[in-house]
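Peer 1:
Protein chains in written order, with our numbering: chain A, 42 to 324; chain B, 42 to 324.
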């Protein structure tokens with residue numbers, strides 16, 4: 042069966058898969074200095090943001106990604122006061138981070154201001170924390186920013202980037218991880234989106250190696266569903282110098298004063314379970 | 042971007058999503074008395090079986106579904122001797138069931154023999170247990186078979202069916218569950234594929250209700266990834282009369298004498314974790 046023009050399709054050519062959402066209309070399209078951004082109104086997934094042809098987020102299922110990119114790392118750190126988000130221009134991760142009352146300052150550093158402005162317009166529900174006094178939205182190169190960051194100054198770094206091609210490729214390198222390791226305090230944690238366990242072990246495995254070579258003693262990949270990304274199965278990978286990434290603040294999770302749609306203590310622990318084929322490659 | 046004829050696409054119209062695999066060629070197509078079966082040779086997922094336009098299984102990712110439809114139920118039952126598979130014509134679930142040395146007899150009851158014959162041809166790696174002396178392959182109506190089954194005769198029933206439309210619709214009803222409850226021993230367990238938690242809570246929630254009304258005191262949904270099914274996130278739902286579905290034979294899992302690609306003890310426990318939105322609907 043073939044798809045008419047009423048569908049937006051992301052073709053992940055190198056994995057031989059494609060995912061499509063039925064659309065009512067294209068609401069916006071622009072070429073920024075960095076990338077092409079499109080916004081669609083879908084039939085069943087709300088709004089859809091697409092960057093350079095790749096689905097970035099939808100109204101319906103972004104909660105999975107944003108909750109899993111923020112809450113596990115923040116509830117693994119014993120006291121996350123200063124948080125830096127590299128990328129994350131749609132502000133959904135920033136919002137989730139600022140739900141944590143322990144957080145005193147959160148920087149969001151995305152190279153492309155237009156992502157944020159379009160998110161404010163089309164995903165206003167993700168941008169409710171943009172004016173929080175603890176939030177700093179910077180539009181700059183995250184790689185350079187991290188190179189310039191004071192050492193031992195950050196508790197949690199969240200790398201909420203596009204795929205490791207184009208502008209985001211530099212965020213998947215040992216050099217970048219070394220700058221992150223330097224900027225993090227001794228008990229700090231970095232967490233990065235790490236693609237699909239089914240399709241991209243060739244990215245996840247070298248990420249662990251690069252993180253360890255950059256000075257992180259502990260690394261761990263967490264799994265979660267993400268319908269609009271290739272294979273529908275996604276992951277994030279945490280790394281740290283001193284924190285073993287095994288203990289979580291279970292009481293604080295149970296007593297959290299914010300709602301979540303996906304995340305809870307059992308889901309956090311579940312995300313840490315590795316399938317046999319991942320264990321075989323990562324051990 | 043639109044897809045050329047080099048792709049097979051399943052359109053899940055009522056969810057506004059579609060999933061596509063790039064293909065080399067169509068290897069087979071036939072209309073059986075029950076359904077239309079197609080076999081494709083894909084670029085990156087091996088062989089693909091399609092029934093009535095819906096992706097059924099691929100060489101690359103069927104291990105997820107087959108392992109999760111069999112091992113959790115069998116390792117939750119204290120001594121699974123007699124196992125019945127309703128549907129499952131591709132024989133992948135049967136193979137996984139017969140990896141358990143406790144199993145003395147396993148019946149596979151699929152209405153359409155052609156599914157099995159085509160699986161033997163195109164997915165021979167799933168059919169290695171078809172000649173096991175404990176295996177009985179019957180080609181008959183599973184609903185009627187269960188109605189006629191002796192009461193208190195079965196330990197585990199696995200409902201490995203297509204979606205709840207067409208011939209499989211009768212497998213999602215209270216009447217069928219009542220027959221299953223009667224055929225199961227007091228400590229028996231039924232497990233059924235239960236669609237996507239993201240897309241089909243309108244199927245999962247009534248399934249729990251129907252199972253409980255049919256006499257099952259305990260019900261529990263388990264989550265797992267399944268790339269080629271809508272949303273890439275799938276589930277199975279277990280029910281039982283006496284077994285609380287909370288205890289698993291952890292030592293037996295660790296000491297199992299067969300390999301798995303996805304399943305292990307941690308994955309079993311992880312699959313039992315419910316996201317907040319599922320808890321809210323199922324509690």
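Think of the CB as a built atom: it goes at the ideal place given N, C-alpha and C, for glycine as much as any other residue. The model shown is predicted, which means the values in this text are computed figures rather than measured ones.
CB residue 303 of chain B to CB residue 109 of chain B, shorter than 9 Å?
Peer 2: yes
Peer 1: Please report whether the beta-carbon of residue 300 of chain A lies at a distance below 9 Å from any beta-carbon of chain D.
Peer 2: The structure shown has no chain D; the protein chains it does contain are A and B.
Peer 1: Going along the chain, which residues of its own chain have a beta-carbon closer than 6 Å to the beta-carbon of residue 278 of chain A, five neighbours each way excluded?
Peer 2: 233, 235, 248 and 262
Peer 1: Under the assumption that residue 128 of chain B contacts residue 151 of chain B (Cβ atoms under 8 Å), give the Cβ distance between them as a whole number of angstroms.
Peer 2: For a cut-off of 8 Å, the C-beta gap from residue 128 of chain B to residue 151 of chain B is around 6 Å, short enough to register as a contact.
Peer 1: What residues from chain A crowd round residue 244 of chain B, counting only those whose CB sits closer than 9 Å?
Peer 2: Simply none; closest approach about 16 Å.
Peer 1: Name the chain A residues whose beta carbon is nearer than 8 Å to that of residue 247 of chain B?
Peer 2: Per Cβ cutoff of 8 Å: no residues; residue 247 of chain B is ~20 Å from chain A at best.
Peer 1: To the nearest whole angstrom, what separates the beta carbons of residue 212 of chain A and residue 223 of chain A, a pair I think is in contact under 8 Å?
Peer 2: Residue 212 of chain A to residue 223 of chain A, Cβ: 16 Å. No contact.
Peer 1: Can you give me the Cβ contacts of residue 295 of chain A inside the same chain, cut-off strictly under 7 Å, excluding the 5 residues immediately before and after it?
Peer 2: 306
Peer 1: Residue 113 of chain B touches chain A at which residues, Cβ-Cβ below 9 Å?
Peer 2: Ordered by position in chain A, no residue passes the 9 Å Cβ test against residue 113 of chain B, which lies about 13 Å from the chain.
Peer 1: Looking at the C-beta of residue 163 of chain B, does it have a partner C-beta in chain A at a distance below 9 Å?
Peer 2: When Cβ-Cβ separations below 9 Å define contact, residue 163 of chain B makes no contact with chain A.
Peer 1: For residue 48 of chain B, would you say it is in contact with chain A, using Cβ-to-Cβ distances shorter than 9 Å as the test?
Peer 2: yes
Peer 1: Taking C-alpha atoms, which residue in B/228, B/126 and B/285 lies nearest to residue 176 of chain B?
Peer 2: B/126
Peer 1: Report the neighbours of residue 116 of chain A on chain B: residues whose CB is nearer than 7 Å to its CB, in chain order.
Peer 2: None at all; the shortest Cβ gap to chain B is about 15 Å.
Peer 1: Indicate the three-state DSSP secondary structure (helix, strand or coil) for residue 82 of chain B in the structure shown.
Peer 2: strand
Peer 1: Does the CB of residue 274 of chain A have a neighbour CB from chain B at under 9 Å?
Peer 2: yes
Peer 1: In chain B, which residues lie with their C-beta within 7 Å of the C-beta of residue 308 of chain A?
Peer 2: 314 and 316
Peer 1: Check whether chain B comes within 9 Å of residue 66 of chain A, counting only Cβ atoms and requiring the distance to be less than that.
Peer 2: no
Peer 1: Strictly under 9 Å for the Cβ-Cβ distance: is residue 44 of chain B near chain A by that measure?
Peer 2: yes
Peer 1: By Cβ distance below 7 Å, which residues in the same chain neighbour residue 254 of chain B in space, the five residues on each side in sequence not counted?
Peer 2: 215
Peer 1: Mind checking who residue 186 of chain B pairs with in its DSSP beta bridge?
Peer 2: BP columns for residue 186 of chain B are empty, so no partner.
Peer 1: List, in chain order, every chain B residue whose beta-carbon is nearer than 8 Å to that of residue 57 of chain A.
Peer 2: 62, 63, 83, 84, 85 and 86
Peer 1: Tell me which residue opens and which closes the alpha helix (DSSP H) that residue 301 of chain B is part of.
Peer 2: No alpha helix (DSSP H) holds residue 301 of chain B; DSSP gives it neither H nor E.
Peer 1: By Cβ distance below 6 Å, which residues in the same chain neighbour residue 42 of chain B in space, the five residues on each side in sequence not counted?
Peer 2: Residue placement at residue 42 of chain B cannot be trusted, given a pLDDT of 48 that sits under 50; what the coordinates show is reported in the next sentence. If we look at residue 42 of chain B and ignore the five residues flanking it on each side, it has no Cβ neighbours.
Peer 1: Three-state secondary structure (DSSP) at residue 208 of chain A?
Peer 2: helix
Peer 1: May I ask you to list the residues that DSSP assigns as paired with residue 53 of chain A?
Peer 2: A/58
Peer 1: Answer with buried or exposed for residue 206 of chain B, where buried requires no fewer than 16 other C-beta atoms within 10 angstroms of its C-beta.
Peer 2: exposed
Peer 1: The alpha helix (DSSP H) with residue 318 of chain A in it runs from where to where?
Peer 2: 317 to 323
Peer 1: So does residue 68 of chain A have its beta carbon nearer than 8 Å to some heavy atom of the ligand SAH?
Peer 2: Absent from the structure shown: the ligand SAH. Ligands present: none.
Peer 1: Let me see if you follow: with CB-CB separation under 9 Å, is residue 204 of chain B close to chain A or not?
Peer 2: Not flagged as an interface residue toward chain A: residue 204 of chain B, since no C-beta distance is shorter than 9 Å.
Peer 1: So, helix, strand or coil for residue 312 of chain B, using DSSP?
Peer 2: helix
Peer 1: At a CB-CB cut-off below 9 Å, which residues of chain B make contact with residue 102 of chain A?
Peer 2: 239 and 272
Peer 1: Does residue 268 of chain A have its Cβ less than 9 Å from a Cβ in chain B?
Peer 2: yes
Peer 1: In chain order, what are the residue ranges of uninterrupted beta strand (DSSP E) at least 3 long that sit wholly in the stretch 65 to 147 of chain A?
Peer 2: 77 to 83, 88 to 92, 95 to 99 and 123 to 128
Peer 1: Which residues, in order along the stretch 124 to 143 of chain B, keep a beta-carbon less than 7 Å from a beta-carbon of chain A?
Peer 2: none
Peer 1: On the three-state DSSP scale, how would you describe residue 160 of chain B?
Peer 2: helix
Peer 1: Do you know offhand how far residue 179 of chain B's Cα is from residue 186 of chain B's?
Peer 2: The alpha-carbon atoms of residue 179 of chain B and residue 186 of chain B are separated by roughly 10 Å.
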